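Just so you know, the numbering used here puts 282 at position 279 of the sequence shown, and the rest follows in order with no gaps. Positions of the beta carbon are idealized from the N, C-alpha and C atoms, including for glycine. The model shown is predicted, which means the values in this text are computed figures rather than measured ones. Everything below concerns the one structure shown next.
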Amino acid sequence: MKKILVTGGAGFIGSNFCNLNKDEYDIVALDNLFLGDAENLESGVGFVQGDACNIEDLAQCGSKFDFVVHFAGTSSAPMFADDGFVEGYVNSIQSFCQSLEFARKVGAKKFLYASTSSLYGNNPMPLVETQSVTPPNHYAVTKFCYEHCARIYHQVYPEIEIIGFRFMSVYGPHEESKGRYANMISQFIWDIARDLPPVIYGDGEQFRDFTNVVDVVQGIKLALEADEKLGNKVYNIGTGECCSFNDILKEINAALGKNIEPIYISNPVKEGYVRGQHADISKISNELGYKPTVDLQTGISHQVRHLDVSKIKETSSDLIRDQYAS
Ligand SMILES: NC(=O)c1ccc[n+]([C@@H]2O[C@H](COP(=O)([O-])OP(=O)(O)OC[C@H]3O[C@@H](n4cnc5c(N)ncnc54)[C@H](O)[C@@H]3O)[C@@H](O)[C@H]2O)c1
Numbered sequence: 004m005k006k007i008l009v010t011g012g013a014g015f016i017g018s019n020f021c022n023l024n025k026d027e028y029d030i031v032a033l034d035n036l037f038l039g040d041a042e043n044l045e046s047g048v049g050f051v052q053g054d055a056c057n058i059e060d061l062a063q064c065g066s067k068f069d070f071v072v073h074f075a076g077t078s079s080a081p082m083f084a085d086d087g088f089v090e091g092y093v094n095s096i097q098s099f100c101q102s103l104e105f106a107r108k109v110g111a112k113k114f115l116y117a118s119t120s121s122l123y124g125n126n127p128m129p130l131v132e133t134q135s136v137t138p139p140n141h142y143a144v145t146k147f148c149y150e151h152c153a154r155i156y157h158q159v160y161p162e163i164e165i166i167g168f169r170f171m172s173v174y175g176p177h178e179e180s181k182g183r184y185a186n187m188i189s190q191f192i193w194d195i196a197r198d199l200p201p202v203i204y205g206d207g208e209q210f211r212d213f214t215n216v217v218d219v220v221q222g223i224k225l226a227l228e229a230d231e232k233l234g235n236k237v238y239n240i241g242t243g244e245c246c247s248f249n250d251i252l253k254e255i256n257a258a259l260g261k262n263i264e265p266i267y268i269s270n271p272v273k274e275g276y277v278r279g280q281h282a283d284i285s286k287i288s289n290e291l292g293y294k295p296t297v298d299l300q301t302g303i304s305h306q307v308r309h310l311d312v313s314k315i316k317e318t319s320s321d322l323i324r325d326q327y328a329s
């Protein structure tokens with residue numbers, strides 16, 4: 004069996020990636036449990052509690068890997084606010100560089116990493132990889148840095164392929180440990196399930212290309228298993244469709260058999276709020292055969308069916324929440 008190291012493997016996307024691939028690969032998840040939860044991982048996935056910024060912790064995971072998938076890092080824009088500013092940059096950049104060096108030194112053929120669609124800011128839609136981007140917040144700056152670091156690193160060390168993914172707004176199970184940093188779909192489900200009115204920034208007509216985590220895993224796996232050399236590339240992963248927060252609330256109310264009205268407040272986000280997000284997915288579709296498989300209604304009803312209300316931490320009175328792009 005081929006071996007994969009997944010940094011940030013106990014987090015939301017990381018744990019879904021590990022669980023969905025555990026029968027085909029020998030997987031070790033490394034996570035410092037800053038936002039992750041080891042209980043997200045199913046049996047059959049190896050787990051090391053440690054920091055991807057730290058070479059000794061990476062070395063504890065093993066000395067030979069075929070692939071490294073890097074999800075660790077400071078994973079959304081609000082985490083850079085106030086006291087999170089310095090730590091956010093250091094954690095994201097150091098964990099990326101350390102994991103990339105580790106991957107090359109243990110002979111990994113590919114290093115796959117999470118970038119973000121937040122890079123696009125309010126660019127014209129559909130958002131396509133060839134557009135020039137100006138990152139609108141610190142979080143997006145760290146991902147822009149990843150992409151350029153990857154490009155230069157690959158020029159120096161062409162033996163390791165380095166592929167980045169600009170995920171759109173990802174939703175799915177295993178977000179409870181992220182609390183107020185979870186995707187809006189999770190947070191709205193948690194509110195409505197407990198008869199709390201969700202709080203919406205603005206009029207609720209902002210829209211996102213909400214992408215089920217199963218399809219994010221699909222896109223990464225296609226790149227990991229591609230036979231032809233990909234070299235250094237960046238792909239969007241989305242659905243090519245979009246939905247407003249108001250329409251998401253209707254779906255969730257319907258899935259839960261409720262009719263909870265939201266509370267609308269004026270938008271407190273100061274740094275370049277993203278009004279809309281709609282991906283062009285033709286690059287990953289044409290080059291890797293990616294095709295979204297989970298529509299919103301199916302994804303939301305699956306998440307609602309697997310909801311464990313006892314794990315929910317946040318309440319709708321907590322207004323410091325992520326209503327950014329991704
Ligand atoms: N969720 C989305 O919609 C979305 C969209 C675009 C990009 N991304 C990116 O995808 C990646 C995964 O996102 P997620 O939503 O699963 O977030 P997450 O916070 O659930 O996952 C990140 C995991 O990394 C761990 N971690 C953080 N720093 C670490 C370190 N130094 N060493 C070891 N572990 C560390 C955290 O404990 C957490 O479990 C992140 O890089 C994020 O920026 C996510």
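Looking at the secondary structure, which residues open and close the alpha helix (DSSP H) in which Tyr-174 lies?
Looking up residue 174 in the sequence shown gives position 171. Element bounds for Tyr-174: not the alpha helix (DSSP H) but the beta strand (DSSP E), 172–174.
Check the C-beta distance from Ile-165 over to Asn-235 and give it rounded, since I have them as a contact under 8 Å.
Residue numbering aside, residue 165 sits at position 162 when the sequence shown is read from its first letter. Residue numbering aside, residue 235 sits at position 232 when the sequence shown is read from its first letter. The pair is a contact, with the Cβ atoms about 5 Å apart (cut-off 8 Å).
Of the residues Met-4, Asp-54, Asn-35, which one's Cα is nearest the Cα of Phe-105?
What you label residue 105 is simply residue 102 of the sequence shown in a count that begins at 1. The candidate whose alpha carbon is nearest that of Phe-105 is Asp-54.
Given a cut-off of 9 Å, decide if Ile-284 and Val-202 are closer than it, judged by their beta-carbon atoms.
Taking the first residue of the sequence shown as 1, we reach residue 202 at position 199. Taking the first residue of the sequence shown as 1, we reach residue 284 at position 281. Cβ atoms of Val-202 and Ile-284: not closer than 9 Å.
Could you have a look at Lys-146 and say whether DSSP puts it in helix, strand or coil?
Translated into the one-based positions of the sequence shown, residue 146 becomes position 143. In the structure shown, Lys-146 sits in a helix (DSSP, three-state: H, G or I).
Ligand 1 and Arg-169: does any heavy atom of the ligand fall closer than 8 Å to the residue's C-beta?
Taking the sequence shown and counting its residues from 1, one reaches residue 169 at position 166. For ligand 1, at least one heavy atom lies less than 8 Å from the Cβ of Arg-169.
Rounded C-beta distance between Gly-124 and Thr-137? I'm assuming under 8 Å.
Taking the sequence shown and counting its residues from 1, the one referred to as residue 124 is at position 121. Taking the sequence shown and counting its residues from 1, the one referred to as residue 137 is at position 134. That pair is a contact at about 6 Å.
Looking only at its own chain, which residues have a Cβ that is under 8 Å from the Cβ of Ser-247, when we skip the five neighbours before and after it?
Counting from one through the sequence shown, the residue named residue 247 turns up at place 244. The residues are Gly-207, Glu-208, Gln-209, Phe-210.
Determine, using beta-carbon pairs with one atom in the stretch 218–229 and one in the stretch 287–298, whether at least three such pairs fall under 8 Å.
yes
Quick check: what's the CA-CA separation for Ala-117 versus Leu-130?
To locate residue 117, count along the sequence shown from 1; it is residue 114. To locate residue 130, count along the sequence shown from 1; it is residue 127. The alpha-carbon atoms of Ala-117 and Leu-130 are separated by roughly 17 Å.
So the candidates are Lys-5, Tyr-149, Arg-107; which of them puts its Cα closest to the Cα of Phe-74?
The count along the sequence shown starts at 1 and reaches residue 74 at position 71. Comparing Cα-Cα distances from Phe-74 to each of Lys-5, Tyr-149, Arg-107, the minimum goes to Tyr-149.
Would the stretch 168–177 and the stretch 237–256 be scored as touching if the rule is three or more Cβ pairs under 8 Å?
yes
Taking the alpha carbon of Glu-90 as the point to measure from, which residue in Cys-100, Gly-76, Ser-102, Leu-103 has its own alpha carbon closest?
Within the sequence shown, the letter at position 87 stands for residue 90. It is Gly-76.
Counting only runs that start and end within the stretch 209–248, where is the alpha helix (DSSP H) found for 4 or more residues in a row?
216–228
With contact counted as at least three CB pairs below 8 Å, one residue from each stretch, are the stretch 10–27 and the stretch 43–60 in contact?
yes
Is any heavy atom of ligand 1 found at a distance shorter than 8 Å from the C-beta of Lys-181?
Position 178 of the sequence shown holds residue 181. Yes, the Cβ of Lys-181 comes within 8 Å of a heavy atom of ligand 1.
Helix, strand or coil for Lys-6? Go by DSSP, reduced to three states.
Taking the first residue of the sequence shown as position 1, residue 6 is located at position 3. In the structure shown, Lys-6 sits in a strand (DSSP, three-state: E or B).
I want to check one thing, is the minimum distance from the CB of Cys-64 to the heavy atoms of ligand 1 below 8 Å?
Sequence index remark: in the sequence shown, residue 64 carries index 61 (1-based). Result no, Cβ not under 8 Å from ligand 1.
From this set, Tyr-174, Leu-33, Asn-22, Asn-249, which residue's C-alpha is nearest Asn-57's C-alpha?
Residue numbering aside, residue 57 sits at position 54 when the sequence shown is read from its first letter. Of the candidates Tyr-174, Leu-33, Asn-22, Asn-249, the one whose C-alpha sits nearest the C-alpha of Asn-57 is Leu-33.
According to DSSP, is Ile-30 part of a helix, a strand, or is it coil?
Indexing the sequence shown from 1 puts residue 30 at position 27. Here Ile-30 sits in strand by DSSP.
Counting C-beta neighbours from all protein chains within 10 Å, is the total for Pro-271 16 or more, i.e. buried, or is it exposed?
Stepping through the sequence shown from its first residue, residue 271 is reached at position 268. Pro-271 should be labelled exposed.
Residue range of the alpha helix (DSSP H) that Gln-300 falls in?
Walking along the sequence shown from the start, residue 300 turns up at place 297. Element bounds for Gln-300: 299–308.
Determine the direct distance from the alpha carbon of His-281 to that of Gln-134, and round the result to whole angstroms.
Mapped onto the sequence shown, residue 134 falls at position 131. Mapped onto the sequence shown, residue 281 falls at position 278. So the alpha carbons of these two residues sit roughly 13 Å apart.
Just to confirm before moving on: does the CB-CB distance between Ile-287 and Ile-192 stay below 9 Å?
Counting from one through the sequence shown, the residue named residue 287 turns up at place 284. Counting from one through the sequence shown, the residue named residue 192 turns up at place 189. Cβ atoms of Ile-287 and Ile-192: not closer than 9 Å.
Is it right to say Gln-190 is buried, meaning 16 or more other beta carbons lie within 10 angstroms of its own, or is it exposed?
Locating residue 190 in the sequence shown gives position 187, where the first residue counts as 1. Buried, because 16 or more other Cβ atoms sit within 10 Å of the Cβ of Gln-190.
Which value, in whole angstroms, describes the spacing of the CA atoms of Cys-100 and Lys-6?
For the purposes of this step, residue 100 is taken as the residue at position 97 of the sequence shown. For the purposes of this step, residue 6 is taken as the residue at position 3 of the sequence shown. In a straight line, the C-alpha of Cys-100 is about 20 Å away from that of Lys-6.
Consider the C-beta atom of Asp-29 and the heavy atoms of ligand 1; say whether any pair is separated by less than 8 Å.
Within the sequence shown, the letter at position 26 stands for residue 29. The answer is no for Asp-29.
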